[in-house]
Amino acid sequence: MTVVDAWVNLWDEATAARFAGDGKLVDVQRFFGKELDAGHGSGDGLVSAMDAAGVDVALVSGPVLDWTRSPSVVADACRAHPDRLRAALEVDPVRSIRATCDAIEKAAADPLVAAVRVVPMMGTEPINHRIHYPIYERCEGLGLPVTINVGVPGPKFRARLQDPLDLDDVCIDFPDLVVVGAHMGHPWEALMIRLMMKYENLHLSTSAYLARYVDPAVVKFMDSSRGRSKLIFASDEPLLPMARALADARDLEIGAEAMAAFLGGNAQRVYRGLPAA
């Protein structure tokens, strides 16, 4: 069974310090109940942690605008470990939508880039706002999946920006775009199930959410014929350590086929160009 962690973070000391010093992000640390350190500091350290946890492949988050710059913590790590790491690049449309879309175009040429991330809570507009539409259009044309944070954030960000009902517009307006709802969509799990049943290209990941807290209706869905292909395992390493998240995921009471799909098979099918374990 191949295990894919679809959301890990890799920071060096400078990046961790910027994160910890950002007043908007301080509640992220409080929510997870831990002080933020530099994490693994390098691709080598991250891969060692993956070996210890039993993770074969990981999607590493980083800014899309940094991908072609040198040095780049995430790009350098992925290039040093192309058999274990892929990038999922976060956009910043507020800074410049043209620069963001140009950066997506350049990054898409690199086979190490597996997805693009949209995190509405970090901006000022909801999932279906037209500021995000050029990103969705570009990714649809390039065949790049998009992860979109959904649900009430634990930290003190505006929940209305991440209402999963807004995915309805995105999936209708971009029918060939592959979308992964990130961070579980709580407390709208029933809505997420219905939307996933409606749209074949819509999925949901467990990033930042221990499996023991997953809504029982979601667990039942992921063990069904219609839901087996929809759920994707992810941690939020190091904020939610991958070893803890994976151990919790393995305790879910679902069948072997559903477990294999959840822990790796669905991610290998959904994200672009993941390496085989």
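Mapped onto the working numbering, the consecutive letters of the sequence shown carry residue numbers 214 to 490.
Beta carbons are placed, not taken as given, at the ideal position from N, Cα and C, and that holds for glycine.
Neighbourhood of residue i by C-beta distance below 8 Å, restricted to the same chain and skipping five residues each side
i, result
"V216", "G267, V268, D269, V270, F446, L459, L476, G477, A490"
"D461", "L423, A424, R425"
"P400", "G364, V365"
Endpoints, beta strand (DSSP E) assigned at residue i
i, result
"I344", "Here I344 belongs to no beta strand (DSSP E), and DSSP marks it neither H nor E."
"R371", "Looking at the DSSP string, R371 is not in any beta strand (DSSP E), and its letter there is neither H nor E."
"G394", "392–395"
6 Å Cβ shell around residue i - same chain, five flanking residues per side excluded
i, result
"A219", "L272, S418, I445, A447, A480"
"P324", "G486"
7 Å CB neighbourhood of residue i in its chain, flanking five on each side removed
i, result
"A327", "L272, R299, A300, A301, Y484, R485, G486, L487"
"A293", "G256"
"D296", "P488"
"A321", "L355, L357"
Residue(s) in a DSSP beta bridge with residue i
i, result
"S274", "N222, A301"
"I445", "S418"
"V329", "L302, V359"
Extent of the continuous alpha helix (DSSP H) run through residue i
i, result
"L459", "455–463"
"R407", "402–411"
"V431", "429–435"
"E498", "The chain is shown from 214 up to 490; residue 498 falls before or after that span and cannot be answered."
"E318", "310–321"
"L378", "Counting along the chain, L378 falls outside any alpha helix (DSSP H), and DSSP gives it neither H nor E."
"M263", "256–266"
"A164", "With the chain running from 214 to 490 in the structure shown, residue 164 is simply not present."
"V483", "479–483"
CB of residue i within 8 Å of CB of residue j, strictly
i, j, result
"E338", "L380", "no"
"V431", "A395", "no"
"V304", "I344", "no"
"L357", "V286", "no"
"V471", "D436", "Looking at the sequence shown, residue 471 is not Val but Ala. In contact: A471 and D436 (Cβ atoms closer than 8 Å)."
"L259", "A312", "no"
"R491", "S274", "Past the edges of the chain, shown from 214 to 490, lies residue 491, and the structure says nothing about it."
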